Structure formats: structure tokens, C-alpha cells
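**Q** Numbering-wise, my numbering puts 255 at position 17 of the sequence shown, and it's gapless, one number per residue.
From the three backbone atoms N, C-alpha and C, an ideal C-beta is built for every residue, glycine too.
Bear in mind that the values here come from a model prediction, so they are computed numbers and not experimental data.
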Amino acid sequence: LPWDRNALKEYTALKDFAPESVNYIELSYPLEYLKDGTVLVDTPGVNDICQQRMDITCKYVPLSDAVIFLLDAAQPLSRSEQEFLQDYVLKSSLSSFVFVINQRDRIAPDGLETVVTKVRSQLEALLGQQEITVFAISARDGLQAKKNGDGDLLISSGFQAWEEQLKKFIIGDRKQQLKVENLQKQLQDLQELLLDEISLARERSHVDWHKIGEALDNITGIRADY
């Protein structure tokens, strides 16, 4: 689709169209920090009652270098979100997840830190990790600030700090580091699968034991060397 708000509106959840008729919608826009070929994918939320749209989101998680997990400031960490995190984050690398609370403008300024602290504590308990980074932003205020050139509003919206972090990830070395970590995990999973298959073959066949032992040693050696 062209970068046209009205064209995109025809494919929102508020419109009556068959979701199975659309696999994806592609929009192009000349953002400087996407010129290396980085693709941003906006998937349906995990609270979506449509199973097909939910499946789209689940499919993209293992294919992504990073996942921006967007939470609602008024109701963060619903049951479906917690189940999704337990099912998919724990099977992936938590370092590839970035947690963002949107609509901070709906929370009183003196209560915002309480909300952020509570969400961070819930995430750490849910995922068994410490010091999870959580950003709190108001996308609405951030957009308004950019339109009006309001630097103070941009800072108070939390959007500037979040966007700088996003740029550092996309442009910097962190993305490459995560790719290496993901590749290492895939290799380890593959090696464990091969070891299981070889062990199973030893139990069920009459293959030369010496050759199987050598194969096991070679796979273990590759893992150690890597």
C-alpha cells in the first residue's frame, strides 16, 4: 500500500473484511535507520480473539531479531499476555524482548513510577529474570510533540528516550550480537537433536558401535569448540 492513512484504515480491526484474505500489508517509508534492510513488523496483539491473527504473532516471534512487547498503561499484563510471555519468551531469548508501556498520559504523573515498578516486578517474577528494562511512553504526546516541534513535550512523553534506544539497537552492534546468540542457540538445539537421533539409532539398529561413538565425539567436539 502507499503511505496513506486512508488506505490503511480499510484494513484495521474496525473494518468488516475477511482476515484470511490478507497475509500482510507492506508499507515503505524512507526512515534513515532502516536503510540497512531492517523491517519493522506490526503484528496483532496477543489479546486478539481471532485465532488466525494470534497465530501470525506467534509465528513472527522466533523469526525476529527483537520483539517490542507493547503494554497498555491502564491494564498491563493481562492473563493472555502473561500466558504468551511464558509460552514464547521462555522458549526464546529474553534479551531480544523490549517492554514498552504505552498511554502513560492516562496515568497521573505521581502514579507513573508505581505502575512501571509494578510491571517490572511482575515481569521479573513471571520470567525469572532480574532488572528487566521497561519504557513508559505516550505515543500520542510524542507524535504531537514532533508535529509541533515541542521539545519539552517530546521528553515528557518518554518517546524520545525510547526512540533513541530503538535507534541504538537497529544501527548499533546489539542487533548483530543477538543474531549471533540466536544462531548459537539454533546450533545447540540442532546438536542436541542429532545426539538424540544417534542415541536412538544405537538402541534400534545394528550399526557399527565404533562409528557411532566417533560421530558422538565429533558432535560433542563441535559444540565445545564453538
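(1) Which parts of the stretch 303 to 381 are runs of the alpha helix (DSSP H), unbroken and 4 residues or longer, counting only runs that do not cross its ends?
(2) Quick check on the DSSP output: the alpha helix (DSSP H) that includes Ser-467 runs from which residue to which?
(3) For Val-260, count the other beta carbons within 10 Å of its own beta carbon; 16 or more makes it buried, fewer makes it exposed. Which is it?
(4) What number of angstroms, rounded off, separates the C-alpha of Ile-345 from the C-alpha of Ala-374?
(5) Would the stretch 398 to 407 and the stretch 367 to 386 be scored as touching if the rule is three or more Cβ pairs under 8 Å?
(6) Figure out for me which residue from Lys-449, Gln-367, Thr-371 has the closest Cα to the Cα of Val-338.
(7) Taking only the alpha-carbon atoms, compute the straight-line gap between Ala-453 and Leu-431 and give it to the nearest angstrom.
(8) Whose C-beta lies closer than 7 Å to the C-beta of Ala-245 among residues of the same chain, with five residues either side of it excluded?
(9) How close, in whole Å, do the beta carbons of Val-284 and Phe-335 come, if the pair is a contact with beta carbons under 8 Å?
(10) How many angstroms separate the CA atom of Leu-278 from the CA atom of Leu-309?
(11) Answer with buried or exposed for Gln-265, where buried requires no fewer than 16 other C-beta atoms within 10 angstroms of its C-beta.
(12) Need the endpoints of the alpha helix (DSSP H) that Ala-245 sits in, please.
(13) Out of Tyr-267, Asp-254, Ala-256, which has the shortest C-alpha to C-alpha gap to Asp-242?
(14) Just confirm the distance between the C-beta atoms of Cys-296 and Tyr-326, as a whole number of angstroms; I'd bet it's less than 8 Å.
(15) Given this structure, state the Cα-to-Cα distance separating Asp-293 from Ala-311, to the nearest angstrom.
(16) Among Leu-315, Asn-340, Lys-449, whose alpha-carbon lies nearest the alpha-carbon of Val-357?
(17) Given that a residue counts as buried once 16 or more other Cβ atoms are within 10 Å of its Cβ, and exposed if not, what is Arg-224?
(18) Can you find the residues in the same chain that come closer than 6 Å, C-beta to C-beta, to Gln-360, ignoring five residues on each side of it along the sequence?
**A** In terms of the structure at hand:
(1) 317 to 322, 347 to 365
(2) The chain is shown from 239 up to 464; residue 467 falls before or after that span and cannot be answered.
(3) exposed
(4) 10 Å
(5) yes
(6) Thr-371
(7) 13 Å
(8) Leu-239
(9) At roughly 13 Å, the Cβ-Cβ gap does not stay under 8 Å, so Val-284 and Phe-335 are not in contact.
(10) 18 Å
(11) Here residue 265 turns out to be Leu, not Gln, going by the sequence shown. The residue in question, Leu-265, is exposed, as its Cβ has fewer than 16 Cβ neighbours within 10 Å.
(12) 243 to 247
(13) Tyr-267
(14) 7 Å
(15) 25 Å
(16) Leu-315
(17) There is simply no residue 224 to check, as the chain begins at 239 and stops at 464 in what is shown.
(18) Leu-315
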